[in-house]
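> Residue 723 is where the sequence shown starts when you use the working numbering, and the numbers rise one by one after that.
Backbone N, C-alpha and C fix where the C-beta goes; we use that ideal spot for every residue, glycine too.
All figures in this text were calculated on a predicted structure; none of them were measured in a lab.
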Amino acid sequence: SLFGSLHNWSGRQSFWMVYWGWKPHLRQWERLLGWQDSDETDLVMPPQYIQPPAYERVRPFVRPANGPRTRKLRDMIVEIVSENPESYRIKKSPMKFAHQVPGLPPRDYYQEVFGQFDGNPQAFADNFFANANGRYTDYVPYMLGKKIGISRMNELLGSVAKEALFANPKIIPLAMVHAGQNLLSFFGFDLHRFIKFIQDQPGGSIFPVMSSWGTSQYSDVYYNIGNCAEGHLPPHMASEIYRDHEITIPLRDTFFPYTDMLRNWARNLVGLLALVSWWFLPFAPQRRFFLCLAAIIIPYLVFSCSLGYGPYARYEVAVQPLIILLTSGGVLGLWSFIRNQVRVRH
723 SLFGSLHNWS GRQSFWMVYW GWKPHLRQWE RLLGWQDSDE TDLVMPPQYI
773 QPPAYERVRP FVRPANGPRT RKLRDMIVEI VSENPESYRI KKSPMKFAHQ
823 VPGLPPRDYY QEVFGQFDGN PQAFADNFFA NANGRYTDYV PYMLGKKIGI
873 SRMNELLGSV AKEALFANPK IIPLAMVHAG QNLLSFFGFD LHRFIKFIQD
923 QPGGSIFPVM SSWGTSQYSD VYYNIGNCAE GHLPPHMASE IYRDHEITIP
973 LRDTFFPYTD MLRNWARNLV GLLALVSWWF LPFAPQRRFF LCLAAIIIPY
1023 LVFSCSLGYG PYARYEVAVQ PLIILLTSGG VLGLWSFIRN QVRVRH
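#1: Please classify Asn1062 as buried or exposed, where buried requires at least 16 other C-beta atoms within 10 Å of its C-beta.
#2: Classify Asp830: buried if its beta carbon has 16 or more other beta carbons within 10 angstroms, exposed otherwise.
#3: By Cβ distance below 6 Å, which residues in the same chain neighbour Val1053 in space, the five residues on each side in sequence not counted?
#4: Which term fits Ile1060, buried or exposed, when burial requires 16 or more other beta carbons within 10 angstroms of its beta carbon?
#5: With Thr981 as the anchor, note down where its alpha helix (DSSP H) starts and where it stops.
#6: What residue range does the alpha helix (DSSP H) around Ala1016 cover?
#7: Looking at Leu1015 and Leu1047, is the spacing between their C-beta atoms short of 8 Å?
#8: Leaving aside the five residues before and after Val803 along the sequence, list all residues of the same chain whose C-beta is less than 8 Å from its C-beta, in chain order.
#9: Quick one: grab the DSSP three-state call for Arg915.
#10: Whole-angstrom Cβ separation of Phe916 and Ser927, contact assumed at under 8 Å?
#11: Within a Cβ cutoff of 8 Å, which residues of the same chain sit near Ala988, ignoring the five residues on either side of it in sequence?
#12: Taking the alpha-carbon positions, what's the Pro816 to Arg857 distance?
#13: Indicate whether at least one CB of chain B lies closer than 8 Å to the CB of Glu808.
#14: Considering only residues of the same chain and omitting the five flanking positions on each side of Lys918, which have a CB-CB separation below 6 Å?
#15: Could you say which of Ala996, Phe1011, Met739 lies nearest to Met932 if we only look at CA atoms?
#16: With distances taken from CA atoms, which of Tyr1037, Asp797, Val766 is nearest Leu905?
#17: Using a 10 Å radius around the Cβ and a threshold of 16 neighbouring Cβ atoms, would you call Ala883 buried or exposed?
#18: Work out the CA separation of Pro807 and Asn771 for me, nearest whole Å.
#19: Give me the Cα-Cα distance between Thr1049 and Trp935, rounded to the nearest whole angstrom.
#20: Let me know the secondary structure DSSP gives Ile772 once reduced to three states.
#21: Do the CB positions of Pro782 and Arg793 come within less than 8 Å of each other?
#22: Over the uninterrupted alpha helix (DSSP H) stretch that includes Leu1003, give me the two end residues.
#23: If contact is defined by three or more beta carbon pairs under 8 Å, each pair taking one atom from either stretch, is the segment 874 to 883 in contact with the segment 954 to 974?
#24: Taking Cβ positions, are Arg852 and Met767 nearer each other than 8 Å?
#25: Quick one: give me the first and last residue of the alpha helix (DSSP H) that Phe737 is part of.
#26: List, from N- to C-terminal side, the alpha helix (DSSP H) runs of 4 residues or more that fit wholly inside the segment 783 to 821.
#27: Got a sec, what are the start and stop residues for the alpha helix (DSSP H) Leu846 sits in?
#28: Nearest by alpha-carbon distance to Pro790: which of Gly871, Leu1003, Leu878 is it?
#29: What is the C-beta distance between Ala854 and Tyr741, in whole angstroms, given that I count them as a contact (C-beta under 8 Å)?
#30: So, with DSSP's three-state summary, where would you put Glu752?
#31: What is the rounded straight-line gap between the Cα of Cys1027 and the Cα of Phe737?
#32: Does Ala883 come out as helix, strand or coil in the three-state DSSP assignment?
#33: DSSP three-state label for Gln838, please.
#34: Within 10 angstroms of the Cβ of Asp912, are there 16 or more other Cβ atoms? Answer buried if so, exposed if not.
#35: Do Thr970 and Tyr1034 have their C-beta atoms closer together than 8 Å?
So this is what it looks like as C-alpha cells:
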C-alpha cells in the first residue's frame, strides 16, 4: 500500500495535499516558525456570499496567480460548470443530509459549496481557490477526468501543484517539518511543544516525550451519521450494516478502552525506549539481523509519515509492532554495550 501511495503522490494526490489536505497543518507550522510572508494576500469572496466558519478558512497556496497551468485549471472549471450545471445540482438532495457534524448547528453544505454560485461560474471558480474543501477535491477532478481524460487530468493537477511549490518554496521545508512531527509522534515526542519551548512561547515543554495520549479515531463511530447509510444505500445493504453495528458496537465499547491504553503505552513508553536504544543496534548480539530490520523499517517510517501516517489512526496498528521489534534489538544492544564497558573497566 505504501508504494501505491507513493505512486498516487504524483498528479491528483500531490494537488490534494497542497490544495486542501495538508494546507491547515502547513499554515500552522508557518505561523509557529515565523515564516509568514507579509506580502502574501488572502483570497476572500465578496460579503454577499456565504462564508465557511472562521476555523475552516485557511489562506490558500493554490491560486491563479501562481502560473499559467493554474489559470488554465480555473478556465476549465468555469467551462465545466457552465456547460453542465446538472453535475452539481444533482448533489443537492444527498448533501442536505450528509456531512453534518454532531453537536454543531446544521449547515446547508450544498448551498454553501455549490448552490449560491448556480448560474455564476466565475464566482464558483473564485470560491474554489478561496475556500478549499473536500467536496471540491472530489467534484472537480472527477469532472476534469470526464472532460479531458484521467491521464490529462492527473497531469494538469500535478502541474498546478508544481506551480504552487515554485510560487511558495517554503511548502517543501514546512512539509518536511510536518512529516517529522508525524514521525516523532509515533514515539510520543511532541515536536510542536518542543519548538514552543525553544521560542519561549506558552504551551512549550522542555520534556516533550511521553506526550501522545489519546483515543483511536475509530473509538466513537456510530451507524448512519448524517443519514449517510439510510439515505443512500439500498435497504438490504443498510439493514446489513445495521445488524453489523448491533454486534460490533458493544464489542468496540468493551474492548477499545483497553486497546487504546495498550497503544498509548506502546507509543509513549516503547517510543521513549526506542529514541534511546536504537543508537545501540550495532552492539546487539544479532546485529546483522537487527541492522537489516532497521534498513527496512526506518525508511518505511520516514516515507509513510511523509504521506500522512500519524498516531491514533489505522496506520499506527501496522507501525507499532515494527517499532517494538526494532526496540527489542536496541535494548539488547544497549545492554551489551553497558556490559562490555563494565568488563573493560574491570
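By the coordinates alone:
#1: Label assigned to Asn1062: exposed.
#2: exposed
#3: Ser999
#4: exposed
#5: 957 to 987
#6: 1009 to 1028
#7: yes
#8: Ser809, Tyr810, Phe839, Pro843, Phe846, Ala847
#9: Under the three-state reduction of DSSP output, Arg915 falls in the helix class.
#10: Phe916 to Ser927, Cβ: 7 Å. Contact.
#11: Gln1042, Ile1045, Ile1046
#12: Rounded to whole angstroms, the separation of the alpha carbons of Arg857 and Pro816 is 12 Å.
#13: Among the chains of the structure shown, chain B does not appear; only one protein chain is present.
#14: Gly925, Gly926
#15: If we check each option's Cα against that of Met932, Ala996 comes out closest.
#16: Tyr1037
#17: buried
#18: Position check: residue 771 holds Tyr in this sequence, whereas Asn was assumed. Tyr771 and Pro807: Cα-Cα distance of roughly 19 Å.
#19: 20 Å
#20: coil
#21: For the pair Pro782 and Arg793, the CB atoms are not nearer than the 8 Å cut-off.
#22: Here Leu1003 belongs to no alpha helix (DSSP H), and DSSP marks it neither H nor E.
#23: no
#24: Before going further, note that residue 852 is Ala rather than Arg in the sequence given. The answer is yes: Cβ separation under 8 Å.
#25: 734 to 738
#26: Fully enclosed alpha helix (DSSP H) runs of 4 or longer: 790 to 805, 808 to 811, 814 to 819.
#27: As written in the sequence, residue 846 is Phe, which differs from the Leu given in the question. Per DSSP, Phe846 belongs to the alpha helix (DSSP H) from 843 to 852.
#28: Leu878
#29: 5 Å
#30: helix
#31: 18 Å
#32: Looking at Ala883 - three-state DSSP - the assignment turns out to be helix.
#33: helix
#34: buried
#35: no
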